[in-house]
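J.: The listed protein sequences correspond, in order, to chains A and B. Sequential numbering from 0 applies to the first sequence in numbering that gives the first Met the number 0. Sequential numbering from 0 applies to the second sequence in numbering that gives the first Met the number 0. Glycine residues also receive a C-beta, built at the ideal position from the N, C-alpha and C atoms. Every value quoted in this text rests on a predicted model; they were computed, and no experiment measured them.
Protein chains: 2
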Amino acid sequence: MKITSRFTVAVHTLLAIYVLGKEYKMTSDFIASSVNVNPVVIRRTLSSLKAAGMIDVKAGSGGALPAKDVNDITLYDIYMAVDCVEGDLFNFHENPNPKCPVGKNIHAVLDSHLSDAQMALENELKGVTLADLMEQLNLLI
Amino acid sequence: MKITSRFTVAVHTLLAIYVLGKEYKMTSDFIASSVNVNPVVIRRTLSSLKAAGMIDVKAGSGGALPAKDVNDITLYDIYMAVDCVEGDLFNFHENPNPKCPVGKNIHAVLDSHLSDAQMALENELKGVTLADLMEQLNLLI
DNA sequence: TATAGTTGTAATCAAAATGATTACAACTAT
DNA sequence: ATAGTTGTAATCATTTTGATTACAACTATA
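1) So which of Thr73(B), Met53(B), Glu134(B) and Ser114(B) has the shortest CA-CA distance to Ala66(B)?
2) Take Lys125(B) and list the residues in its own chain whose beta-carbon comes closer than 7 Å to its own, dropping the five residues that flank it on each side.
3) Pull up the DSSP beta-bridge partners for Leu64(A), would you.
4) The ligand SAM and Asp87(B): does any heavy atom of the ligand fall closer than 8 Å to the residue's C-beta?
5) For Gly20(B), tell me which candidate among Val10(A), Val101(A) and Asp28(A) has the shortest Cα-Cα distance.
6) Are Ser33(B) and Ala15(B) touching if we call contact CB-CB under 9 Å?
7) Which residues of chain B have a Cβ atom closer than 8 Å to the Cβ of Asp87(A), listed in chain order?
8) Closest Cβ-Cβ distance between Thr26(A) and chain B: below 9 Å?
9) Under a Cβ-count criterion, where at least 16 other Cβ atoms within 10 Å of its own Cβ denotes burial, should Leu139(A) be classed as buried or exposed?
10) With a threshold of 9 Å between beta-carbons, can Leu109(B) be considered close to chain A, or not?
11) For Glu8(A), tell me which candidate among Lys1(A), Phe29(A) and Ile41(A) has the shortest Cα-Cα distance.
12) Pick helix, strand or coil for Phe89(A), following the three-state DSSP scheme.
13) Step through the CB atoms of chain B and report whether any lies within less than 9 Å of the CB of Ile105(A).
14) Measuring straight from C-alpha to C-alpha, what distance separates Ala63(B) and Met25(B)?
15) So is Leu14(B) in contact with chain A if we call contact Cβ pairs under 9 Å?
16) What does Ile54(B) reach in chain A if we use C-beta pairs closer than 9 Å?
17) Three-state secondary structure (DSSP) at Thr3(B)?
18) By the criterion of Cβ-Cβ separation under 8 Å, what are the contact partners of Ile140(A) in chain B?
19) Within a Cβ cutoff of 6 Å, which residues of the same chain sit near Leu45(A), ignoring the five residues on either side of it in sequence?
20) Using beta-carbon positions only, say whether Asn70(B) and Ala130(B) come within less than 9 Å of one another.
21) Measuring straight from C-alpha to C-alpha, what distance separates Phe91(B) and Ser114(B)?
22) For chain A, find out if any of its Cβ atoms is closer than 9 Å to the Cβ of Asp115(B); answer yes or no.
23) Quick check: what's the CA-CA separation for Phe6(B) versus Thr12(B)?
24) Kindly say whether Ala119(B), judged by its beta-carbon, lies nearer than 9 Å to any beta-carbon of chain A.
25) Can the beta-carbon of Ala80(B) be found closer than 9 Å to that of Leu132(B)?
26) Determine, using beta carbons only, whether Asn70(B) comes closer than 9 Å to chain A.
27) Please check if any C-beta of chain A sits within less than 9 Å of the C-beta of Leu64(B).
28) Mind listing the chain B neighbours of Asn94(A)? Cutoff is C-beta to C-beta under 8 Å, in chain order.
See below:
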């Protein structure tokens, strides 16, 4: 199974707000048409990003605004903000048989390696900031 | 979303076959009771592991047997054998709007970073062999 | 060679997660 | 007041997963 597109949607959303925010009013409808998903999906994304302190959104007046330094937002922060993975990335079969020497010890043998792999992925995400992405993007616009 | 437990089930299955295979006949029923899943789930796992050349299984007589050097099987090989992830680990929203400067370039900006993160995870899995796991396990049995 | 024990695989099924969508109350600037 | 938004609940269809049933095909051996 793959990691939910909520993540790339959230990155796209933040980039839009931080790059186009000075030029346009960033409503959920506007962002939705850039990302190409339903506006409600964007509103939910905005909720998460707001809860993480990355943007400000005001009900009523509308429009999302940057709320953090772009150097202080990493892909990992976004990934965490939208709950791509709750806790462990790898599912583990429930209740391996404790009466079997393998079943009894499978967690002891495997857990640390799975955790290492997950950390390797997350560390990579920690190494990329919104500033990095904006720099790349500005070269292309 | 998490990575399917097919992966940990497959690792468990291989460990059982390679560690207990000399002592017991490793039928799908036997393994299923160690892993604690339905025997058909194990048969499907065995199919995948057999296709990857890691075990031999004969229909009829029954019982799975080791078919590869334990130093030549990594967690990554197992992960690939059971198709935990087809291609990209991260889902990407379909059809970002090419008329928007962000939508038009989001893939150019994001793809390489996602790919790097996935590779970091997979490289970690490549660094662990079945031999490593068996060594750990034998200390605990 | 008949039989018991297996594997291989198709077909269903229920549960969970996802994203789409509708609906509407609540809010705010003008 | 009103028009335009956000926040959020409620549904829905789709997809994925793993469980399970069922049964044909296969193999060792008694």
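T.: Well, looking at it:
1) Cα-wise, what sits closest to Ala66(B) is Met53(B).
2) Spatial neighbours of Lys125(B) in its own chain (CB-CB distance under 7 Å, excluding positions within 5 residues in sequence) are listed in chain order as Thr73 and Tyr75.
3) BP columns for Leu64(A) point to Asp55(A).
4) Among the ligands in the structure shown, none appear at all, so the ligand SAM cannot be discussed.
5) Val101(A)
6) Yes, these two residues count as a Cβ contact at 9 Å.
7) Those within 8 Å of Asp87(A) in chain B are Lys1.
8) No Cβ of chain B is located within less than 9 Å of the beta carbon of Thr26(A).
9) exposed
10) yes
11) Checking the sequence, you will find Val at residue 8(A) rather than Glu. Closest option to Val8(A), Cα to Cα, is Ile41(A).
12) strand
13) yes
14) Ala63(B) and Met25(B) have their alpha carbons spaced roughly 5 Å apart.
15) yes
16) Those within 9 Å of Ile54(B) in chain A number zero; the least Cβ separation is about 15 Å.
17) Thr3(B): coil per DSSP, three-state reduction.
18) Pro100 and Asn104
19) Val56 and Ala63
20) yes
21) Each residue's Cα considered, the two are about 12 Å apart.
22) Interface residue, yes.
23) If you draw a straight line from the Cα of Phe6(B) to the Cα of Thr12(B), it is about 10 Å long.
24) yes
25) no
26) Closer than 9 Å: no.
27) no
28) Asn35
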